[in-house]
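Chains as they are written, first to last, in my numbering: chain A, 43 to 399; chain B, 1003 to 1376.
Glycine residues also receive a C-beta, built at the ideal position from the N, C-alpha and C atoms.
Structure, as structure tokens:
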Amino acid sequence: MISAIQLKPEEILSEITNFSRKLSEGIKNLQNVGDLPAGVTPKEAVYTEDKLTLYHYKSPTGDKPSLKAPLLISYALVNRPYMTDLQENRSMIRGLLAQGVDVYLIDWGYPDRSDRYLSMDDYINGYLDRCIDVIRERAGVDKVNLLGICQGGAFSLCYASLHPEKLQNLITMVTPVDFQTEDNMLGHWIKHIDVDLLVDSMGNIPGDLMNWTFLNMKPHRLLAQKYIDMVDIMDNPQQVCNFMYMEKWIFDSPDQAGEAYRQFVKDFYQENKLIKGEVEIGGQIVDLKNITCPVLNIYANDDHLVPPSASKPLGKHVGTKDYTELSFKGGHIGIYVSGSAQALVPPSIGKWLQERK
Amino acid sequence: MAADQTAPNNDWFKAQQQYWDTWFQGQRQFFEQPGNANPAAGLSGQWESFFREWQKLTAGDVPAADTYRQFFTQAGKGFLDMMEQFCQTGASQAPEESLKAWTANMQKFFASILQANAQPFDAGAQFKSFTETFTAAGPAFWGDMFKNPVPGQDKPHNAAGFMFDPFGFYASVPGVGYTREKQDHLNLLYRLWVDYEGQMRKYNIEMTKTGLQALQRFQEYVANPPAGDAPLDSLKDIYIKFVDISEDVYAEFALSEEYTKMYGEVVNALSAFKKQMHQITDDLMEQANLPNRQEVDSLHKRVHELRRENIQQRKDIEELKAALGLKAKPAAKAAAKPAAAKAAPTPIKKTAAAKPKAKAVKAAKPAKKKAGKK
């Protein structure tokens, strides 16, 4: 019988000694991490409303945008949008600026109990629409480019269907479209949850609850192995810093406005209405066939939160004849921050937009 | 005033700094000992204490932080226990034997969880703290519900004849008399609590079973690795393989209908319990002549409704002005002003410039209006 284990006593001892040393020495590096900023690229707040802030980014090199139509990034309500601008060398926003894109981003803020009754209508026909109007006026253009990320991508699809006249191009990143595919774990888990009871009992849905759910999608890896792996890099101050940036972002989770959450989970996850053309927002039906502007759909092959099977169906539901897919070899988070993502995603977006300006 | 408010924080930071300095000192001393024969000794404990303190610093009063911490330290300990196991046996036994000993320990651990959760939920054992919490609120609030069922004794859980599940006894009969409604509210709260605890136990049992199943699959892998797989030649490799297998087993279960139903039942039971708890809290607040959550929620709801009406009216006015050929005021400038000017709340003004452009294409707007809707 062949055993899978081939260990030598002296190597075991060396491995353990090494681990202990790194754990011990590396803690000093953890202590020295200091404050971690939320976002690194210079930006200006150009519009605020309630807890929302619309930011306009400035190129660190001072270059002027070569694309006239600005790009608005609409991030998910869960987690914070500074994932797109985490560190100098891990910033999708910097990558886009370098491509000549004029970048705006919506920071939805941290909803509190007074925001419990914000609906999807308020978010999409309200906040998002008003931000787009502000950008159109500032840039002196009729149409802007919209980039929606994850849940923000689903919102962007709704927006593009309801306000097609204001969009030049639509980009969706790791965006669920079909919420009930076989490998969509969140889609399975939500099936038997009484969402009305959940929202009625909690009001807003706590960000910590959302986080706990996400961690439990891969509990052994995300709650255990990740921190064992951390010890490996603990003697490297820069890597410790990178780790802590990510750790800060992962656990920086705003609460979800109760009513918007109720509709999103019921209509999108439980009833899969987006692809059925049955989502109703502000008294209007969201029909993906209304989306006739060019669409670039970017998904991550190893995404455990929004598997490719949930994103890829977009192509057969939108009305546009100019539909492009871009797959990225990585996960839901790596698509913004990994080295390969920096090399692939912003240049691809820039090129795609340049071809459609 | 401000200085007074920051003083406790400074003390807290000083205390934390002191704790960490002591901790580092201890660590350094341990590793500076020459010829330390067993570098893994106490690693598991160090890990647990390190993360416990780290989490305390960072987690604050996050709900479920304790659950997270427990899982987190326990999971990390799995690897470190394995290290200790290998280190203790050292060269005296084959690595396979050390691994067997480690998996046997893991098995024991899972079995203990299984056993603990397999016991029927003993509400009586939980009864004391529960009743004490509520009796602390006083009979003025709760009427006769928590009063002594046996004269001469001041705590219901002490009462002979009610030792086992005394609430169950109460909860099985409808409330009567002047405090009937309060009794019913508490009866329901109790039943929902018992239901949630039962669902949670069921959940824990099934999750532990997946742990055992992963362990078994891991042992099978070690004994009969697929041809072509690289050998596991470090403890980290072994651990990662174990994690991979555990995730696979978990994912299979987590995607099953059995799991999703069970998950839904746990979440629904917890939601129902919390909802009832909030109802009782609201009643309490009302009796204390304080605003409660329901009232505040109603106000928020009305504010949102008014805002929506207001936005719609502004839009209508803009459209009417445009239809009448009246020039709209340049509201967009105000709406788009920098955040620094936030003090003047002009949150939702449509841009005058944008409006005609949007209108020009409105005829082509393909979104279907739903019949009967605005």
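Can you find a CB in chain A that lies within less than 9 angstroms of the CB of Phe1111/B?
In the second sequence, the residue the question calls residue 1111/B occupies position 109. No - not a single Cβ of chain A is within 9 angstroms of the one on Phe1111/B.
Taking its Cβ as the centre, do 16 or more other Cβ atoms sit within 10 Å of Glu1297/B, making it buried, or is it exposed?
Here residue 1297/B refers to the residue found at position 295 when the second sequence is read from its first residue. With fewer than 16 Cβ atoms within 10 Å of its Cβ, Glu1297/B is classed as exposed.
Starting from Glu367/A, trace the beta strand (DSSP E) both ways and give me its first and last residue.
The residue labelled residue 367/A in the question sits at position 325 within the first sequence. That run of the beta strand (DSSP E) goes Tyr365 to Phe370.
Compare the beta carbon distance of Tyr117/A and Trp150/A with 9 angstroms and say whether it is the shorter of the two.
Residue mapping note: residue 117/A aligns to position 75 of the first sequence, counting from 1. Residue mapping note: residue 150/A aligns to position 108 of the first sequence, counting from 1. The answer is yes: Cβ separation under 9 angstroms.
Can you determine whether any heavy atom of the ligand HEM sits closer than 8 angstroms to the C-beta of Pro1176/B, and answer yes or no?
With respect to small molecules bound, the structure shown includes none, and the ligand HEM cannot be examined in it.
Option in Asp1235/B, His1280/B and Ile1313/B with minimal Cα separation from Leu49/A:
As a first step, residue 49/A must be located in the first sequence, where it is residue number 7. Among Asp1235/B, His1280/B and Ile1313/B, the Cα nearest to that of Leu49/A is on Asp1235/B.
Host alpha helix (DSSP H) of Ile135/A (start-end)
The residue labelled residue 135/A in the question sits at position 93 within the first sequence. Looking at the DSSP string, the run of the alpha helix (DSSP H) that includes Ile135/A is Met134 to Ala140.
Spell out whether any CB of chain B is found under 9 angstroms from the CB atom of Asp77/A.
For this step, residue 77/A is matched to residue 35 along the first sequence. False, the Cβ-Cβ gap to chain B never drops below 9 angstroms.
CB-CB under 6 angstroms to Pro248/A, same chain, minus the five flanking residues each way: which ones, in chain order?
Here the question's residue 248/A lines up with position 206 in the first sequence. Same-chain partners within the cutoff: Asp297.
Ends of the beta strand (DSSP E) at Thr95/A?
Locating residue 95/A in the first sequence gives position 53, counting from the first residue. It spans Leu94 to Tyr99 - the beta strand (DSSP E) in which Thr95/A sits, taken as one unbroken run.
If distances are taken between C-alpha atoms only, which option among Val241/A, Pro153/A and Tyr169/A comes closest to Lys308/A?
Locating residue 308/A in the first sequence gives position 266, where the first residue counts as 1. Of the candidates Val241/A, Pro153/A and Tyr169/A, the one whose C-alpha sits nearest the C-alpha of Lys308/A is Val241/A.
Rounded to the nearest angstrom, what separates Thr1262/B and Asp344/A at their Cα positions?
On the second sequence, residue 1262/B is found 260 positions in, with the first residue counted as 1. On the first sequence, residue 344/A is found 302 positions in, with the first residue counted as 1. Between Thr1262/B and Asp344/A, the C-alpha separation is close to 22 angstroms.
Measure how close the beta-carbons of Gln1201/B and Val1268/B come, nearest whole angstrom, since I'm counting them as under 8 angstroms.
Working through the second sequence from its first residue, we reach residue 1201/B at position 199. Working through the second sequence from its first residue, we reach residue 1268/B at position 266. With a Cβ gap of about 5 angstroms, Gln1201/B and Val1268/B count as contacting.
If we count Cβ pairs, one from each stretch, closer than 8 angstroms, do we get three or more for the segment 319-339 of chain A versus the segment 197-204 of chain A?
yes
Thr1181/B - DSSP class collapsed to helix/strand/coil
As a working note, residue 1181/B is residue 179 in the second sequence. If DSSP states are grouped into helix, strand and coil, Thr1181/B belongs with coil.
When the cut-off is 9 angstroms and only beta carbons count, does Pro1293/B lie next to chain A?
On the second sequence, position 291 is the one that residue 1293/B refers to. Judged by the 9 angstroms Cβ criterion, Pro1293/B is not in contact with chain A.
Mark Gly182/A as exposed unless 16 or more other C-beta atoms lie within 10 angstroms of its C-beta, in which case mark it buried.
Translated into positions along the first sequence, residue 182/A becomes position 140. Gly182/A should be labelled exposed.
Excluding the 5 residues flanking Leu128/A on each side, which residues of the same chain have their C-beta closer than 6 angstroms to its C-beta?
To locate residue 128/A, count along the first sequence from 1; it is residue 86. Result list for Leu128/A: Tyr287 and Val379, in chain order.
Note down, one range per segment and in chain order, each beta strand (DSSP E) of at least 3 residues found wholly within the segment 168-197 of chain A.
186-191
With H, G and I counted as helix, E and B as strand and the rest as coil, what does DSSP make of Ile47/A?
Translated into the one-based positions of the first sequence, residue 47/A becomes position 5. Ile47/A: strand per DSSP, three-state reduction.
For Asp225/A, which residues from the same chain have a beta carbon less than 7 angstroms from its beta carbon, with the 5 sequence-adjacent residues on both sides left out?
Counting from one through the first sequence, the residue named residue 225/A turns up at place 183. If we look at Asp225/A and ignore the five residues flanking it on each side, its Cβ neighbours are Pro349 and Ser351.
Okay, do the segment 76-96 of chain A and the segment 167-176 of chain A touch, 3+ Cβ pairs below 8 angstroms being the bar?
yes
Quick one: is Val1245/B near chain A, going by C-beta distance under 9 angstroms?
To locate residue 1245/B, count along the second sequence from 1; it is residue 243. Judged by the 9 angstroms Cβ criterion, Val1245/B is in contact with chain A.
Between the CA atoms of Asp271/A and Ile69/A - distance to the nearest angstrom
Stepping through the first sequence from its first residue, residue 69/A is reached at position 27. Stepping through the first sequence from its first residue, residue 271/A is reached at position 229. So the alpha carbons of these two residues sit roughly 14 angstroms apart.
Complete runs of the alpha helix (DSSP H) confined to the segment 275-349 of chain A [at least 4 residues]:
279-292, 300-305 and 315-318
Would you list the residues sitting across from Gln129/A in a DSSP beta bridge?
By 1-based counting over the first sequence, the position of residue 129/A is 87. Beta-bridge pairing links Gln129/A to Arg132/A.
Below 9 angstroms on C-beta distance, what does Asn1107/B contact in chain A?
Position 105 of the second sequence, counted from the first residue, corresponds to residue 1107/B. Ordered by position in chain A, no residue passes the 9 angstroms Cβ test against Asn1107/B, which lies about 16 angstroms from the chain.
Separation of Leu65/A from Asn1038/B, as counted between CA atoms:
Position 36 of the second sequence, counted from the start, is the residue given in the question as residue 1038/B. Position 23 of the first sequence, counted from the start, is the residue given in the question as residue 65/A. Caution is warranted here: a pLDDT of 46 is assigned to Asn1038/B, below 50, making its placement in the model unreliable, and the coordinate value is therefore given only provisionally. Asn1038/B and Leu65/A: Cα-Cα distance of roughly 16 angstroms.
Quick one: list the residues of chain B neighbouring Ser390/A, beta-carbon separation under 7 angstroms, in chain order.
Looking up residue 390/A in the first sequence gives position 348. By Cβ distance, chain B contributes nothing, its closest Cβ being about 29 angstroms from Ser390/A, past 7 angstroms.
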